[in-house]
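Numbering-wise, this note's numbering comes out as the position in the sequence shown, counting from 1, plus 1116.
Note that the Cβ used here is the ideal one computed from N, Cα and C, for glycine as well.
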Amino acid sequence: MFDIPVAHAAMFVGAVGALVPMWRAHGTDCRVRIGHGAMALSMVAMMIPGVPAGIHLLGGAVLIGLAVFVTGETMHRRTAVPCAVDLTAMGVLLLLAPMSAPAPAGAAPAPSGHHHGGAGISTGWLPLAVLVCWALLTLYLFRSTPRGDRRSGATTAAAGSALMILGMAPMVV
């Protein structure tokens, strides 16, 4: 999806961030582990050159569907809700990802400005808004967790979310 080395490094950090909450997964549900694994696979798929853009659309739809799947487990709300936020935000960003292939050298130059072509919609500022909302929700979920419960994985989940946000930042830039 991206050919810039810095973008690949950021996406690698995002893939690691998706796996970080699984590191302390002893108290989480299998659904949360599946969700984090899918996010890691999605980040790795973005680093593979030549992957058709439709795969990213499909991945975005699957991630949003997994967000619903993850929240179906009522026993582990403390881990399921942050995972669902991550899945939803990443899925929406994938759906907003650029869909058009690079223009040939002889083609007219693309209009200046920031344009994502997901589903044929010009969304300019929308990916940035999703990224900012994702960061604010992650911060809110972490801060609203009582201090005693933060040791049970909330800090790890917030750290993983922060790394994923960093990993998805190249899609916004």
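query: What does the Cβ neighbour count give for S1158, buried or exposed, with the cut at 16 atoms within 10 Å?; result: buried
query: Which runs of the alpha helix (DSSP H) fall wholly inside the segment 1139-1190 and span at least 4 residues, in chain order?; result: 1146-1163 and 1169-1186
query: Do the segment 1256-1263 and the segment 1172-1185 touch if we need at least three Cβ pairs shorter than 8 Å?; result: no
query: Using C-beta distances below 6 Å, list every residue in its chain close to A1223, excluding the 5 sequence neighbours before and after it, in chain order.; result: Residue confidence for A1223 is low, a pLDDT of 45 falling below 50, so the modelled location carries little weight and cannot support an answer.
query: Pick helix, strand or coil for L1253, following the three-state DSSP scheme.; result: helix
query: Looking at V1178 and P1243, is the spacing between their C-beta atoms short of 9 Å?; result: no
query: Grab me the residues of M1163's own chain with a C-beta within less than 6 Å of its C-beta, minus the 5 sequence neighbours each way, in chain order.; result: H1124 and M1127
query: How many whole angstroms separate the CB atoms of A1169 and G1283, which I take to be in contact at a CB cut-off of 8 Å?; result: Not really, about 19 Å apart at Cβ, beyond 8 Å.
query: Please determine, among V1136, I1120, V1208 and G1151, the residue with the shortest C-alpha to C-alpha distance to P1165.; result: I1120
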